[in-house]
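Here the protein sequences line up with chains X and S, keeping their order. Note that the working numbering has the first sequence beginning at 741, numbered continuously upward. Note that the working numbering has the second sequence beginning at 264, numbered continuously upward. These notes are about the structure you will find just below.
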Amino acid sequence: MKTARPTSTRLLDFLGSMNLAIALLVIVAIASAIGTVLKQNQPYPDYEIKFGKFWFEFFGSLGLYDVYSAIWFLLILGFLLLSTTTCVIRNTPGILRELRHFREKAQEKSLRAMHHSASFTTTQSAEQIQALAQKTLKSEGFRFRTHQENGTSVVAAMKGGANKWGYWLTHIGMIVIFIGGLLDSKLPIMFAEWSGTLKPETRNIPASEVPAISQLGVNSFSYRGSVDIPEGRTANIIFLPVRDGYLVQRLPYEIEVKDFRVEHYSTGQPKSFESDIIIHDPDLKEPLAHTISVNHPLIYKGTAIYQANFGDGGSEVQLQLNPLTKQYAPQTLTGNISQDYNLSSSTEKYRLELDNFRLFNINPVKNDKGEEEQKNIGPSVIFRLRNAAGEAIEYNNYMNPVVIEGRLYLISGVRKSPADPERFLHIPADQKGSAELFLAFLNALQDEAFVRKTAIATTQSSMGAMQNQQLDNAAVENQIVDSMVRLTQVFATKGFDGIMSDIEARFPENQRAQVSEAFTKVLQASLRGVYIDLLKQRGITEPKDSDWLFFDDSLNAMANLPFYGSPWYIQLKTFKQIEASGLQITRSPGQDVVYLGCIMLTIGVFLLFYVAQRRIWVLIKPLESGENEIILAGSSNRNPHDFDKYFQRLRSAFQTVLTARGD
Amino acid sequence: MSVTQEAMHALMDKPSFWKRLKISDWIWAALVLAGTAYAYLLYSHAMDVYEQGFLLASAPALITLGWNWRAVQPLSLLITAFSLLGVWLYSGNIVNAETVFGLKYLFSSQSAIMWMSALFVIATFFYFGGLIANNAFVAKTASVLTWSAVIMGFTGLMVRWYESYLVDPEFGHIPVSNLYEVFILFCLITGVLYLYYESRYRSRALGGFALLVISAAVAFLLWYSFERGAHEIRPLVPALKSYWMKIHVPANFVGYGAFALAAMTSSAYLIKYYYSNPSRLVAILVPSFIFTGLFIWIFARTAFGKTPFEGSMLSLGLNSAGIAFAVTLLLSALAVLLLLPSTQKALPSLEMLDDITYKAIALGFAFFTIATILGAMWAAEAWGGYWSWDPKETWALIVWLNYAAWLHFRFSKGWRGTQMAWWAVVGLFITLFAFLGVNMFLSGLHSYGEL
């Protein structure tokens, strides 16, 4: 009858089983992969847009947005830890036996059955053989023990016990790494959240207004968070990201950022980011000044202060708002980045949200040869313009004109949402790099009286050339002038699309192609007329090729204006940059523990792979003939190839020496 | 009795390690020490204390390596000679790359790396040719070609290191900073590891297998260079400006190289194993080729877009499906050739193949462990935490766990043979994803090699 094993033993067997360990290794690998496929800790609305409401919530409940802090993931890791620990505990007695026991009581039969085994007879006496075996094995670096029973003696030897230490070091090393990681983990926060004493803040509010339930005191055991500090300002808190919110962690000191610097290579790419910081702490006799940079953090009071990133700290910008339609007036505005401004001098109310200022913009630009090259195209201001309905469009306007294929443009990037690709409006700039001529051209096109005047002049001059034709000149003339003015108006406010929809509204389909051809000619004549007049006002009587390129570029830009979405072209005139240094501050008391585990693991791996545990047995058995039979056997748990050779050498040495003397 | 003991001693006694060293070994050591001292005097002012430490530690490491594997001695001396020649030909002027004959055709980094690429590919054909025709001379030629490729490749890297300072002293850095440079490193380390096993096991039969994976890397390298201009020397981003790069990256690539080698010896194992059972072989080879084809197709499509090579010098009208088809066809043809009885005879025994696979994985695992730990330490210094579950970190962990599981099976369960060989082959795909896929498909902190 079989007796049932107690549950505890079975549980221990299960936990310590190799199958479970390997299964867990594979499960951890697969679970980790999930978190790399789905980008972790993104803003939650982004996930919602991506998956839709149902799946967003479903994935959220599985913790997929922060897999590595999800309960199920931590449980798997915990299981791996438990399994490894059980494994070590269960295997240790066996390994100790393996290290201590020479197996000197090995039976003749089992020695003969070993893979490495040889036997031969000799006339040498048992004592001599035994002494020889002992000395030889000793000089070969083996430890040995001798056992005698029924006249048979066995010299059992072994070396390479360090291999077993490899087992302990690797496995205990992993446990130590786990424990170190646990010390630095978010578990205390998760526990506090679960017990209700802590609640992450999700609103975008100043740190001073964050309620106490979302704050952590200076004595937190471990943390990793970040804070942006503008130049000349001080902070004593950091923000710890928690899913879609954050917690405010108080620091045991204050950090002041004196200066933040970005150095650049000759190509314009950033070479280094560094901050001059000052630590203010009552425990210090005087404030501690230090410069940190990427790869060179400051360690202070068990925390490490890193240069993580940088941003704008509220730069002052002066903007000029150039109206693109005549119902708005030009104006200037002086503001600071990350502030909002009301723009009221318009029929519709707009809110200008200044988002960011960039001193350097490294962009691919086409040179004269039409090749793209990376170039710094200078400062830009990024802002959003929000209308009364709350819809916003994002703009990125560059301060300086850019040379593209030999021509100058002022560039404005535009997109409806951060997910969209940026599109660019290229406003042709005059020789001085100003948008003045373009804006004047646009204004002139919108000025009905001006357009009419040039239309009449244009029409008359061309009609004059056709004097001989039998036409009612006055009537035709008026009709042409009227359509010139009207088409120009439509174009200047609604672009080519406006003209197309105008045609669609007024003509049946079979006439449209013809009409649009005629309209294009009329419009072209009018636009050219206005442009020539405008140039004349500026003293240019004979436009050059470059002037006509400018004309073409202007029309291209105007054709895109209806999609631009802003009633102004907002130009950055001057700025005073104030940068903010992005610091990451961590306290990770587990780090040294982890490193200790890593050292154990590394040493262990090498011992495990490159030290072989070898055993040799020499059994001496007297035969009836008075001779002695020797059975030489051996085993090695690594590198059988090398051991083969070694064993052969040992065997032939014994055989040569012992049998030669006997003859 | 004492006579017996002495005789025994004489028979067992292998000369000690020190006694086995020849005069040439000591000259070699002296040369390495002199070179290191010279480099130290010349450049120590430009290094931080850690880098000085690496330089000083590299001398005993190289000496030990050369003592244990003597081929390293002429190898490194030739690399040094060629590199110095390259530096001398430059004489401080980067423009010389285009004007001086010796640089334009041999020792400028670009030329040397092209030589490396060509030699590796030719050597692959020679190795397979030697194996299939069972011709020792052809195989020996392949060895010489591989050694030459390694010499040219390392020379290319060394000269590139120097060139980076010539382009702009501020750009200067060790050439292991982006995908292009580490691909060269991968080819070289895999090549050197293979050559080590070749000399150790005295068999050239596996050369084609090992160099197949190197040739694939070379193909990628050429595309990356011609199509994307990846060979251009660019300055380092601030996060990479650290002494850690000098140890983290090479350690990682010993791991990757060894894992790649293990996968290739496993392929040889599988081909030999299934040879005795052809119907099963077909049943297994066909799906694995389909899988490989599919993999390459997805890979090529992602990397090249829908119309690869359009308007480029590689414009062969190939598309990703074409590439996948061609590669699959090539592999199938190769498989058929490898099934010839003469080839089978030349392949090492299953035990030996298994043993090499294990050794390669063990070596790879040891170095990959070190590399990951060094990476964690660097991360603690650069990103503010030794572990951030960044995609590259996580995939390094996945690779590590995979091989850890493999080793557990082998040590604890004593598994050998086909399953383990298949697993080692699959391991290469996991490794490849960690090495390349992460850069292509996933974004994270570790995005230095964008495609």
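Beta carbons are placed, not taken as given, at the ideal position from N, Cα and C, and that holds for glycine.
Contact criterion: CB-CB distance below 8 Å. Does residue i meet it with respect to chain S?
i         : result
X:Ala725  : There is no way to answer for residue 725 of chain X, as the model of chain X reaches only from 741 to 1403.
X:Ser948  : no
X:Gly921  : yes
X:Gly906  : no
X:Ser954  : no
X:His856  : no
X:Val766  : yes
X:Asn1035 : yes
X:Phe1346 : yes
In the DSSP assignment, find the beta strand (DSSP E) that holds residue i and state where it starts and stops.
i         : result
X:Arg1163 : Arg1163 to Pro1168
X:Gly1118 : From DSSP, X:Gly1118 is part of no beta strand (DSSP E); its letter is neither H nor E.
X:Leu987  : Gly985 to His1004
X:Arg1098 : Tyr1090 to Arg1098
X:Gly1051 : Thr1043 to Asp1052
X:Ser935  : Here X:Ser935 belongs to no beta strand (DSSP E); instead the alpha helix (DSSP H) covers Leu927 to Ser935.
X:Pro1070 : Here X:Pro1070 belongs to no beta strand (DSSP E), and DSSP marks it neither H nor E.
X:Ala897  : Thr892 to Lys899
Got a sec? Which residues, its chain only, sit under 7 Å from residue i by beta carbon, not counting five neighbours each side?
i         : result
S:Leu548  : Ala598
X:Leu760  : Phe754 and Ser823
X:Ile820  : Note that residue 820 of chain X corresponds to Leu in the displayed sequence, not to Ile. Hits under 7 Å: Leu764 and Val768.
X:Pro1141 : Leu1148, Tyr1149, Leu1150, Ala1169 and Gly1173
X:Asp1403 : The pLDDT assigned to X:Asp1403 is 41, lower than 50, so where the model puts this residue is not dependable; a value taken from the coordinates is nonetheless given after this. Closer than 7 Å at Cβ, skipping near neighbours: no residue.
X:Leu1099 : Pro1119 and Gln1317
X:Ile912  : Val828 and Met1340
S:Arg465  : none
S:Leu691  : Phe522, Ala523 and Ala526
Kindly say whether residue i, judged by its beta-carbon, lies nearer than 8 Å to any beta-carbon of chain X.
i        : result
S:Phe672 : yes
S:Phe698 : no
S:Phe628 : yes
S:Gln315 : no
S:Ala270 : yes
S:Gly492 : no
S:Thr657 : yes
S:Ile561 : no
S:Asp431 : yes
S:Glu444 : no
S:Asn702 : no
S:Met415 : no
S:Gly329 : no
Less than 8 Å between C-beta atoms, sequence neighbours within five positions excluded: which residues of the same chain meet that for residue i?
i         : result
X:Arg1391 : Ala858 and Leu1372
X:Tyr787  : Phe796, Phe799, Gly800 and Tyr805
State the start and end residues of the unbroken alpha helix (DSSP H) segment that holds residue i.
i         : result
X:Arg1252 : Glu1249 to Gln1277
S:Phe483  : Gly470 to Arg491
X:His1030 : Element bounds for X:His1030: not the alpha helix (DSSP H) but the beta strand (DSSP E), Leu1028 to Ser1033.
S:His671  : Pro654 to Ser675
S:Glu495  : First-last for S:Glu495: undefined, no H or E at that position.
S:Ile376  : Ser372 to Ile395
X:Ser1376 : Here X:Ser1376 belongs to no alpha helix (DSSP H); instead the beta strand (DSSP E) covers Asn1368 to Ser1376.
S:Met415  : Ala399 to Val430
Below 8 Å on C-beta distance, what does residue i contact in chain A?
i        : result
S:Phe434 : The structure shown contains no chain A; its protein chains are X and S.
Give every residue of the same chain whose Cβ lies closer than 6 Å to the Cβ of residue i, excluding the five residues on either side of it in the sequence, and list them in chain order.
i        : result
S:Ser279 : none
S:Leu577 : Below a pLDDT of 50, predicted positions are generally treated as unreliable, and S:Leu577, at 45, falls in that range; the measurement from the model is reported next regardless. Cβ neighbours of S:Leu577 beyond the five flanking positions: none.
X:Leu839 : Gly901 and Lys904
X:Tyr993 : Ile1019 and Asp1021
request  = Please go through the segment 1273-1323 of chain X and give each complete alpha helix (DSSP H) segment of 4 or more residues, from N-terminal end onward.
outcome  = 1285-1300
ask   = If you pair each beta-carbon of the segment 508-524 of chain S with each one of the segment 630-638 of chain S, do three or more pairs fall below 8 Å?
value = yes
request  = Decide if the segment 1072-1092 of chain X is in contact with the segment 516-532 of chain S; the criterion is three or more beta carbon pairs, one per stretch, under 8 Å apart.
outcome  = no
query = Within the chosen definition, does the segment 1121-1137 of chain X reach the segment 1276-1293 of chain X through at least 3 CB pairs nearer than 8 Å?
reply = no
ask   = Should the segment 284-298 of chain S be regarded as contacting the segment 325-336 of chain S, the criterion being three or more beta carbon pairs within less than 8 Å?
value = yes
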